[in-house]
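Asker: Take the sequence shown: its letters are residues 209 to 395, numbered as in the numbering used here. Please read through the structure below; I'll follow up with questions.
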Amino acid sequence: ADIAAITGINSEYAVLVEADTGRVIAAHNADTVMYPASLTKIMTLVVAREHIADTSATVTFTRKMLYSLDRDAMKVGYQIGETANALDLMYGAMLPSGCDATVGLAYLCAEDEDAFAGLMNAKANELGLRRTHFSNSSGLFDSENYTTVHDLAVIFGYALKDEDLPVVLEQYEKLAEKLKEQGCPKV
């Protein structure tokens with residue numbers, strides 16, 4: 209089916225999936241490998257949720273953690289020596305698309321971001337995603353950070369089955385709607 213005709217969305221990559229069954233209703237380049245950018249953060253939340261038993265667990269930001277990010281990366285604004293808990297980091301990863309928050313989550317789960325990317329890739333394999341590979345927690349550009357919109361749909365579907373992640377994701381949607389209502393064009 210023509211996804212643009214069904215949804216009115218004109219995109220280079222798109223997939224419309226029935227949430228309950230996973231059945232693809234319409235698709236356009238759904239299995240074409242592409243760069244996921246900040247949609248990477250959905251897998252970051254999935255992996256963090258599964259590896260952090262207590263969302264009040266904290267991490268203290270170090271120079272190494274914060275200086276690993278591009279200067280132009282979206283950030284919450286954590287500073288060296290500042291401590292944040294896992295739940296705040298999850299919200300920070302989604303609401304302002306904070307790359308510093310995703311790095312904090314990575315360090316709560318693994319020894320460094322590379323090890324965390326390994327956890328992300330293990331989860332992708334577990335979910336049967338054959339055209340997905342992650343190289344960082346934030347989605348900052350790297351040629352080894354790629355997926356397809358079909359694989360992203362699987363990740364989203366999996367995330368929505370978690371008892372807490374939909375709450376975090378819904379807060380992002382509510383904020384985005386409010387900003388659009390106020391005329392913010394970049395939401």
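Ideal Cβ placement from N, Cα and C applies to all residues, glycine included.
Here's the rule I'm using: 16 or more other beta-carbon atoms within 10 Å means buried, otherwise exposed. How should T240 be labelled?
Answerer: Working through the sequence shown from its first residue, we reach residue 240 at position 32. Counting Cβ neighbours within 10 Å, T240 comes out exposed, since fewer than 16 surround it.
Asker: Between G365, D359 and Y366, which has its C-alpha nearest N172's C-alpha?
Answerer: The chain is shown only over 209 to 395; residue 172 falls outside these bounds and no answer can be derived.
Asker: Smallest Cα separation from L253: which of E319, F324, L348 and R339?
Answerer: Taking the sequence shown and counting its residues from 1, one reaches residue 253 at position 45. It is F324 whose Cα lies nearest to the Cα of L253.
Asker: From what residue to what residue does the alpha helix (DSSP H) around L368 run?
Answerer: Against the sequence shown, residue 368 aligns to sequence position 160. That run of the alpha helix (DSSP H) goes V357 to L368.
Asker: Taking the alpha carbon of D228 as the reference point, which residue from V362, E319 and T268 has its own alpha carbon closest?
Answerer: To locate residue 228, count along the sequence shown from 1; it is residue 20. Residue V362 is the option with its Cα nearest to D228.
Asker: Please check the pair Y275 and Y354, which I expect to be a contact at CB under 8 Å, by giving their CB distance rounded to whole angstroms.
Answerer: Here residue 275 corresponds to residue number 67 of the sequence shown, with the count starting at 1. Here residue 354 corresponds to residue number 146 of the sequence shown, with the count starting at 1. Not really, about 25 Å apart at Cβ, beyond 8 Å.
Asker: Apart from the five residues just before and just after R257, which ones in its own chain have a Cβ nearer than 7 Å to its Cβ?
Answerer: Position 49 of the sequence shown, counted from the start, is the residue given in the question as residue 257. Same-chain partners within the cutoff: D370, D372 and L373.
Asker: Residues in its own chain within less than 6 Å of A332 by CB, not counting five upstream and five downstream?
Answerer: Start at 1 with the first residue of the sequence shown, and residue 332 comes out as number 124. For A332, where only same-chain residues beyond five positions count, the Cβ hits under 6 Å are T340.
Asker: Just list the beta strand (DSSP E) runs in the segment 274-302, keeping only unbroken ones of 3 residues or longer that don't cross its boundaries, in chain order.
Answerer: The qualifying runs are 291-293.
Asker: Would you mind reading off the limits of the alpha helix (DSSP H) that contains V255?
Answerer: Indexing the sequence shown from 1 puts residue 255 at position 47. Note, V255: alpha helix (DSSP H), T248 to H259.
Asker: Can you find the residues in the same chain that come closer than 6 Å, C-beta to C-beta, to S346, ignoring five residues on each side of it along the sequence?
Answerer: Residue numbering aside, residue 346 sits at position 138 when the sequence shown is read from its first letter. Within the same chain, S346 has close Cβ partners C307 and T310.
Asker: Given a threshold of 16 other Cβ atoms within 10 Å of its Cβ, counted over all protein chains shown, does V223 qualify as buried or as exposed?
Answerer: As a position in the sequence shown, residue 223 is number 15, starting the count at 1. Burial call: buried.
Asker: If I follow the unbroken alpha helix (DSSP H) through L348, where does it start and stop?
Answerer: Counting from one through the sequence shown, the residue named residue 348 turns up at place 140. That residue, L348, is in no alpha helix (DSSP H); it is neither H nor E in DSSP.
Asker: Pull up the distance between the alpha-carbon of T248 and that of F342, whole angstroms please.
Answerer: Counting from one through the sequence shown, the residue named residue 248 turns up at place 40. Counting from one through the sequence shown, the residue named residue 342 turns up at place 134. When rounded, the distance between both Cα atoms is 8 Å.
Asker: Would A245 and L316 be called neighbours here (beta carbons separated by less than 8 Å)?
Answerer: Within the sequence shown, residue 245 is the residue found at index 37, counting from 1. Within the sequence shown, residue 316 is the residue found at index 108, counting from 1. No, the pair does not count as a contact, with Cβ atoms beyond the cut-off.
Asker: Could you round the C-beta distance between T268 and T291 to whole angstroms and report it? I think they count as a contact, below 8 Å.
Answerer: If you number the sequence shown from 1, residue 268 lands on position 60. If you number the sequence shown from 1, residue 291 lands on position 83. Going by Cβ atoms, the distance from T268 to T291 rounds to 5 Å, so yes, they are a contact pair.
Asker: What is the C-beta distance between A234 and I214, in whole angstroms, given that I count them as a contact (C-beta under 8 Å)?
Answerer: Within the sequence shown, numbered from 1, the residue matching residue 234 stands at position 26. Within the sequence shown, numbered from 1, the residue matching residue 214 stands at position 6. Going by Cβ atoms, the distance from A234 to I214 rounds to 5 Å, so yes, they are a contact pair.
Asker: Using three-state DSSP, classify Y354 as helix, strand or coil.
Answerer: In the sequence shown, residue 354 corresponds to position 146, counting from 1. If DSSP states are grouped into helix, strand and coil, Y354 belongs with the strands.
Asker: On the premise that L277 lies in contact with A294, defined as a C-beta separation below 8 Å, what is that separation, rounded to the nearest angstrom?
Answerer: Position 86 of the sequence shown holds residue 294. Position 69 of the sequence shown holds residue 277. Not a contact, Cβ separation roughly 19 Å.
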